[in-house]
Every structure is written in C-alpha cells, then in structure tokens.
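Asker: Going by this note's numbering, the first residue of the sequence shown is number 6, and it counts up by one from there.
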Amino acid sequence: MEGKKLLLEALKSKFRVEDIFILDDGVNRNELTELDAYGIKPTLVPAHIFKLLTETETPQGFLATVAKPEAQLPKSGSLVVLDRLQDPGNVGTMIRSADAAGFAGVIFVKGTVDPFAGKTVRAAAGAILRLPFYFAEDEAAVFSIVNAAGIRSFACTMFAEKSYTEADLRGDIALIVGNEGGGISQDFLAGAAERIYIPMREQSESLNAAVAGSIFMFEKRRQDVG
Numbered sequence: 006m007e008g009k010k011l012l013l014e015a016l017k018s019k020f021r022v023e024d025i026f027i028l029d030d031g032v033n034r035n036e037l038t039e040l041d042a043y044g045i046k047p048t049l050v051p052a053h054i055f056k057l058l059t060e061t062e063t064p065q066g067f068l069a070t071v072a073k074p075e076a077q078l079p080k081s082g083s084l085v086v087l088d089r090l091q092d093p094g095n096v097g098t099m100i101r102s103a104d105a106a107g108f109a110g111v112i113f114v115k116g117t118v119d120p121f122a123g124k125t126v127r128a129a130a131g132a133i134l135r136l137p138f139y140f141a142e143d144e145a146a147v148f149s150i151v152n153a154a155g156i157r158s159f160a161c162t163m164f165a166e167k168s169y170t171e172a173d174l175r176g177d178i179a180l181i182v183g184n185e186g187g188g189i190s191q192d193f194l195a196g197a198a199e200r201i202y203i204p205m206r207e208q209s210e211s212l213n214a215a216v217a218g219s220i221f222m223f224e225k226r227r228q229d230v231g
C-alpha cells in the first residue's frame with residue numbers, strides 16, 4: 006500500500022501491517038512519531054531504493070506491506086459480483102463505489118483481476134480495508150451463495166427488458182457486473198432473477214464497466230434511502 010493516508014487507514018483497520026518503508030529525503034520527524042503509537046518501527050529508505058519498491062511515477066514517500074485478509078462473506082447485506090473483470094482500475098473503482106453505496110461485500114469470480122494488485126488497491130483507496138471479499142470458482146458457486154442467503158440476483162446487461170430505474174432493487178440483492186469486453190457470462194444471464202440495463206442514446210455503444218456498475222449501485226442506494 007502506497008501513501009500516508011492509506012497507511013494510516015491500514016494501521017487502524019483489522020489488516021496486519023507488517024513493514025513500513027519511508028523515503029529518507031528530509032522526512033518530517035513528527036510523522037515518524039505519529040507512527041510510534043502502532044508499535045511498528047519504519048525503515049528509512051534512500052530515494053534510489055524507494056523508487057524500486059514503488060509502482061507510482063511520483064511516490065508519496067510512504068509504503069507498507071500488509072497481510073492479505075482471509076476471504077469471507079458478510080453475514081447479511083447486498084453483494085457485488087464481478088464476473089471476470091480484467092482492468093485493475095475498474096475493479097478498484099467498483100470496490101470503492103460498493104463501499105460508498107453501502108454494499109456489504111464483493112465476490113470475485115475466478116478470472117477477475119487480483120483485488121490486491123497495486124493498481125487495484127490504489128483505485129479502491131481505503132475501501133479495500135472495509136469491504137469483505139470472497140472468491141468464487143464459477144457461476145454455480147455464486148448462485149449457491151445467493152440462494153443460501155435468500156437474496157435476489159440482478160444481471161447488469163444491455164440485453165435486458167427492464168431499465169435499472171424500473172427494477173425493485175430494495176433490500177439485500179446480488180448485483181452481477183460483467184467483463185469489459187464480453188459482458189456477463191451466459192450462465193449468469195440465464196440464472197439471474199432479473200436482467201437490468203441502463204438506457205443510452207442510440208449512438209452510444211456501451212459504458213465503462215466501473216461507471217455502469219457504479220450507476221447500478223447508487224440507484225440501489227437511492228431506492229433504499231428513499
């Protein structure tokens with residue numbers, strides 16, 4: 006995890022921060038004192054080494070290695086299902102939107118990009134520390150989870166009869182968002198309780214996956230809060 010803000014959020018979360026590296030380039034000693042309360046002594050790293058450790062072009066000077074949490078499903082609440090999304094920026098944005106819209110967890114279908122990849126973590130911001138994740142082998146595993154929880158599933162697709170504003174999204178649901186290129190799998194389309202779409206002008210072919218997913222999620226929130 007890169008950046009001071011995300012590092013402090015990680016220290017305050019249930020995640021286990023293992024190591025902290027700070028760019029030794031006129032670092033403010035008060036910032037080091039701020040970290041003392043967490044019992045982890047940071048390692049000061051010269052600029053030429055720090056650059057090798059980071060992935061960003063202009064690193065913020067703070068870097069931490071954090072243990073991945075165990076996969077778990079929330080006991081209740083709505084879920085976002087990511088069906089083989091490939092872009093880490095899209096996945097990070099979806100995690101961030103799911104957290105902001107009040108979803109309880111995210112299910113990653115096998116083939117979806119790693120949620121703990123650096124770019125995904127940065128795009129998700131602090132949301133990656135708050136939402137539980139679960140990894141499903143395939144569509145059957147997802148529907149097993151959804152059916153056991155007794156919640157309705159909605160496939161987000163342009164091949165739908167009902168607009169997202171016409172669907173009843175209130176209560177606990179599973180919102181399935183598909184791959185950037187191919188969309189949702191046929192098994193998800195066939196197995197979902199309902200299919201919903203976003204009306205667009207005729208000249209528009211499609212929306213970015215993260216944008217579309219966020220629209221669906223915040224429509225659900227709008228319906229929930231009234």
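We put the beta carbon where it would ideally sit given N, CA and C, even for glycine.
Computed from a predicted structure; not experimentally measured.
Comparing alpha-carbon positions, which option in Tyr-169, Tyr-43, Leu-194 lies nearest Pro-204?
Answerer: Pro-204 has its Cα closest to that of Tyr-169, out of Tyr-169, Tyr-43, Leu-194.
Asker: For the segment 145-164 against the segment 75-90, do three or more pairs of beta-carbon atoms, one drawn from each stretch, fall closer than 8 Å, so that the two count as touching?
Answerer: Because the criterion of three Cβ pairs below 8 Å is met, the segment 145-164 and the segment 75-90 touch.
Asker: If you compare alpha carbons, which of Gly-155, Gly-82, Lys-10 is closest to Pro-64?
Answerer: Checking every option, the nearest Cα to that of Pro-64 belongs to Lys-10.
Asker: So, using beta-carbon positions, are Ala-69 and Val-111 closer together than 9 Å?
Answerer: No, they are not a contact pair.
Asker: Tell me whether the beta-carbon of Ala-132 lies closer than 9 Å to the beta-carbon of Ala-103.
Answerer: Yes; because the gap between Cβ atoms is below 9 Å, this pair is in contact.
Asker: Report all residues from its chain with a CB closer than 8 Å to the CB of Thr-162; omit the five preceding and five following residues, and keep chain order.
Answerer: So the list reads Gly-183, Gly-188, Ile-189, Leu-194, Arg-200, Ile-201, Tyr-202, once near-sequence residues are dropped.
Asker: Considering only residues of the same chain and omitting the five flanking positions on each side of Ala-18, which have a CB-CB separation below 7 Å?
Answerer: Sequence inspection shows Ser at residue 18; the Ala mentioned does not correspond to that position. Answer for Ser-18: Leu-134, listed in chain order.
Asker: Just tell me which of Gln-208, Glu-75, Glu-207, Ile-220 has its CA closest to the CA of Ile-181.
Answerer: Per the Cα distances, Ile-220.
Asker: Any idea if Ile-54 is buried or exposed, counting beta-carbon neighbours within 10 angstroms, 16 or more meaning buried?
Answerer: Ile-54 comes out exposed.
Asker: In the DSSP assignment, the beta strand (DSSP E) including Leu-87 goes from what residue to what residue?
Answerer: Leu-87 -> beta strand (DSSP E) spans 84-88.
Asker: Taking the alpha-carbon of Arg-227 as reference, which of Gln-191, Glu-171, Arg-206 has the nearest alpha-carbon?
Answerer: It is Glu-171 whose Cα lies nearest to the Cα of Arg-227.
Asker: Bridge partners of Gly-188, per DSSP?
Answerer: Per DSSP, Asn-184.
Asker: Please name the residue in Asp-41, Asp-92, Thr-61 whose C-alpha comes closest to that of Ala-214.
Answerer: When each option's Cα is compared against that of Ala-214, the closest is Asp-92.
Asker: For the beta strand (DSSP E) containing Glu-166, name the first residue and the last one.
Answerer: Per DSSP, Glu-166 belongs to no beta strand (DSSP E) and is neither H nor E.
Asker: So, are the CB atoms of Glu-39 and Leu-13 less than 9 Å apart?
Answerer: Yes. Within cutoff.
Asker: For Arg-101, collect the residues of the same chain with a Cβ closer than 6 Å to its Cβ; drop the 5 residues on either side in sequence, then sort them by chain order.
Answerer: So the qualifying residues of the chain are Ala-129, Ala-130, Ala-132.
Asker: So which of Ala-52, Ala-198, Asp-177 has the shortest CA-CA distance to Lys-225?
Answerer: Out of Ala-52, Ala-198, Asp-177, Asp-177 has the C-alpha closest to the C-alpha of Lys-225.
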